[in-house]
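Structure, as structure tokens:
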Amino acid sequence: MLGKIISLILLTALCIGKLNAQTGDASQTFNIRGFGTVGLARSSSDHAEFVRDLSQTSGLKGGQWSGRIDSILGLQGNWQLSKEFELVGQVVSRLHYDRSHNPELMWAFAKWEPDARLSLRAGRIGADFMMLADSRLVGYSYLPARPSSDFFGPLFFSHFDGVDLSMTLPVGDDLVRGKLFAGRTQEKAGGVIGLWDTSGSPLGGIVLDYLTGPWQFRANAARIRFSSDMNITFLTNPLRLTGVPSAIAVADALTIKDTETRYYSFGVVYDQGPLQVQGMLNRIRHGTSFFANSHAGYLLAGYRFGSVTPFAGVSWWKTQARSFAAGFPDVERFTASGLTDRKTLSLGARWDLRTNMALKFQWDAVRGDAASKFGYARTDEAWNGKTNVLSIVLDFVF
Amino acid sequence: MRRLRILILCCLFAWPPLAQADMVLVANPQSGIERLNRDDVVNIFMGRYRLLASGITAEPIDLADDTGLRARFYRALVNKSLAEINAYWARLVFSGKTRPPRVLDSVDAALQAVISNPGALAYLERSQIDKNVRVVFELGD
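Quick look at the structure:
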């Protein structure tokens, strides 16, 4: 369905493009741009695979240098058909749930801006669940080697098919911006229990920004109602077969289908001359007991000296364990793999070595307890919750 | 001591923001705008909000990097390097949110764009002003 819509949009664009070319309309432009990261990283622990976020099902371990989790290439076309109307398409190659780097259609939308206050986008658009979430893959746009895995780790949605409506209004010398979005997901995640296809799950949300001088404040709230279950019948079927009401209740509580997950976040950015400071907090609340509720946050600060910007950051991610009725050790053991309580200290530097190209070095000290298993591709029994991650990445745009 | 004074004077004159001529922002006289303040200019050139008080949509113009004026403009406006400005736009462009200013190769091309378009805004050195455009902001403001 989406393919047909995109084809229709492109065909329309082609017709209008030809029309404008014939009439010599100078307001029409077409640009191809790109971004990418060539990244090498290593994680010291032999007992857990470090990943950027839950969309990755294989990661780094054992001190082996790998370009797997950070290497990305994106291409974007912007077709400005008139002052009010634009078509945007973006294709990205990155590490997928299926361990491939197959190109993925990230954005494909039409944007209508009747004036400078209003913007309506329809098609495949970025999932703006948290501040900066829709530019997570564009390494050149931020200071660290990768967005905080503690903060963005649980967010495996990058895009959805739907609409968003933004409005910006001045308040004195300040600006207030609001955005509403709604649509359906088209993404899959993988894990130790197999593929989870969330396609078709309805989602919606609201974003509020307040911009004053060098400050930006943002509040986000979003929700998604999952239209499919993970394949956990190996866990729930035996419970249901017992016929015991308390066991059936536990099986029901583990169901994901038709439950709602809510994401709340608040962020502050201070960006004044050579100084950049960001702080963000999030809370995730699940309607299913399959996932543990969590909260996370990070603080990142950098100061530019010439072309080099050293930075330091702290982040944390903590889940709250669900309590089940006693007597279901298999369930307890399984849901324990969805828990984490970890903190990360990050130190690094970004060197803008030439126009549109930046080299970054980063050291992350991830510190958690042995029970912190969530947020890694997999862990083994010897995992003690601690690893050190070294990263060297080259980010570029063109 | 005399050598030290000469060294300090040389440094002062070699320091671009002190030694170079001042820059101004110009608009079309039909824009309906007499003056802009610094917040307005930041909002327009950083893609935050581009509606002028007269109701016309502002169309900012950037000059190519090799003119040297782009780096001086953003340094004076927001104290940012071009690398930081490019990183800022990478975030907005690749999330499909806002368009960066249109880039023109020369001051003459920018002046022509301002003269022919009521919403266009361009930065240049004061000595490059044409009588057909209006100064709406001085970078020293």
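Residue numbers (our numbering), protein chains in the order written: chain B, 1394 to 1791; chain U, 37 to 177.
Where is the CB? At the ideal position from N, CA and C, for every residue including glycine.
Being a predicted model, the structure only gives us computed values, none of them experimental.
query, result
"Looking at N1781(B): is its Cβ nearer than 9 Å to the Cβ of A1764(B)?", "no"
"Using 8 Å as the threshold, is the region 1571 to 1588 of chain B in touch with the region 1530 to 1539 of chain B, meaning 3 or more CB pairs across them?", "no"
"Which residues, in chain order, does the region 1549 to 1581 of chain B contribute to contact with chain U at a C-beta distance below 7 Å?", "T1561, P1563, D1566 and L1568"
"The beta strand (DSSP E) spanning F1522(B) covers which residue range?", "That residue, F1522(B), is in no beta strand (DSSP E); it is neither H nor E in DSSP."
"Since R1655(B) meets chain U, which of its residues come closer than 9 Å, beta carbon to beta carbon?", "Within chain U, no residue comes near R1655(B); the closest Cβ sits about 23 Å away, beyond 9 Å."
"Could you say which of I165(U), S152(U) and P136(U) lies nearest to T1422(B) if we only look at CA atoms?", "P136(U)"
"Taking its Cβ as the centre, do 16 or more other Cβ atoms sit within 10 Å of Q1713(B), making it buried, or is it exposed?", "exposed"
"Quick one: residues in its chain with C-beta nearer than 6 Å to the C-beta of K1736(B), no 5 flanking neighbours on either side, listed in chain order?", "W1709 and R1760"
"Nearest-angstrom Cα distance between S1784(B) and R1461(B)?", "12 Å"
"Consult DSSP for E1497(B) and reduce its assignment to one of helix, strand or coil.", "strand"
"Do we get a CB-CB distance below 9 Å when we pair A50(U) with the residues of chain B?", "Note that A50(U) scores a pLDDT of 43, beneath 50, so its modelled location is shaky and nothing firm can be said."
"Would you kindly work out how many angstroms separate the C-alpha atoms of R1697(B) and V171(U), rounded to a whole number?", "32 Å"
"Over the uninterrupted beta strand (DSSP E) stretch that includes F1544(B), give me the two end residues.", "That residue, F1544(B), is in no beta strand (DSSP E); its alpha helix (DSSP H) goes S1542 to F1545."
"Does the CB of V60(U) have a neighbour CB from chain B at under 9 Å?", "no"
"Is the CB of L1498(B) under 9 Å away from at least one CB in chain U?", "no"
"Leaving aside the five residues before and after G1482(B) along the sequence, list all residues of the same chain whose C-beta is less than 6 Å from its C-beta, in chain order.", "G1470 and A1501"
"Determine the extent of the beta strand (DSSP E) in which A158(U) is found, giving its start and end residues.", "A156 to E161"
"Under 7 Å between beta-carbons, which chain B residues line up against A123(U)? List them in chain order, please.", "Y1533 and S1534"
"Kindly indicate which three-state DSSP category Y1603(B) falls into: helix, strand or coil?", "strand"
"Using CA atoms only, rank isn't needed, just tell me which of L1604(B), E1497(B), R1616(B) and Q1609(B) is closest to K1581(B).", "E1497(B)"
"Taking a Cβ distance cut-off of 8 Å, strictly less, list which residues of the region 142 to 162 of chain U are near chain B, in chain order.", "none"
"Taking the straight line between their C-alpha atoms, what separation do you get for A1705(B) and T1561(B)?", "32 Å"
"Between G1427(B), S1559(B) and W1472(B), which lies nearest to G1598(B) when the distance is taken from Cα to Cα?", "S1559(B)"
"Does any C-beta atom of chain U lie closer than 9 Å to the C-beta of I1398(B)?", "Because I1398(B) carries a pLDDT of 40, less than 50, the predicted location of this residue cannot be relied on, and the following value inherits that uncertainty. No, its Cβ sits nowhere closer than 9 Å to a Cβ of chain U."
"If you check the beta carbons only, do T1654(B) and I1617(B) fall under 9 Å apart?", "yes"
"Does DSSP put G1695(B) in a helix, a strand or coil?", "strand"
"Does the beta carbon of S1541(B) sit closer than 9 Å to a beta carbon anywhere in chain U?", "no"
"Going straight from the alpha carbon of L160(U) to that of M59(U), what length do you get?", "6 Å"
"Would you identify the three-state DSSP class for F81(U), choosing helix, strand or coil?", "helix"
"Using the Cα positions of D1590(B) and G68(U), report the straight-line distance between them to the nearest angstrom.", "54 Å"
"Would you mind working out which of S1682(B), S1700(B) and L1468(B) sits nearest M1499(B), comparing C-alpha positions?", "L1468(B)"
"List the residues of chain B that S67(U) touches, going by C-beta distances under 9 Å, in chain order.", "Simply none; closest approach about 14 Å."
"Pull up the CB-CB distance for V78(U) and L113(U), whole angstroms please, since I reckon it's below 8 Å.", "6 Å"
"Who are D98(U)'s beta bridge partners in DSSP?", "V139(U)"
"Drop a sphere of 10 angstroms on the beta-carbon of G1593(B), count the other beta-carbons inside from all chains shown, and report buried for 16 or more, exposed for fewer.", "exposed"
"Along chain B, which residues have their Cβ under 8 Å away from the Cβ of N115(U)?", "Q1665, G1666 and P1667"
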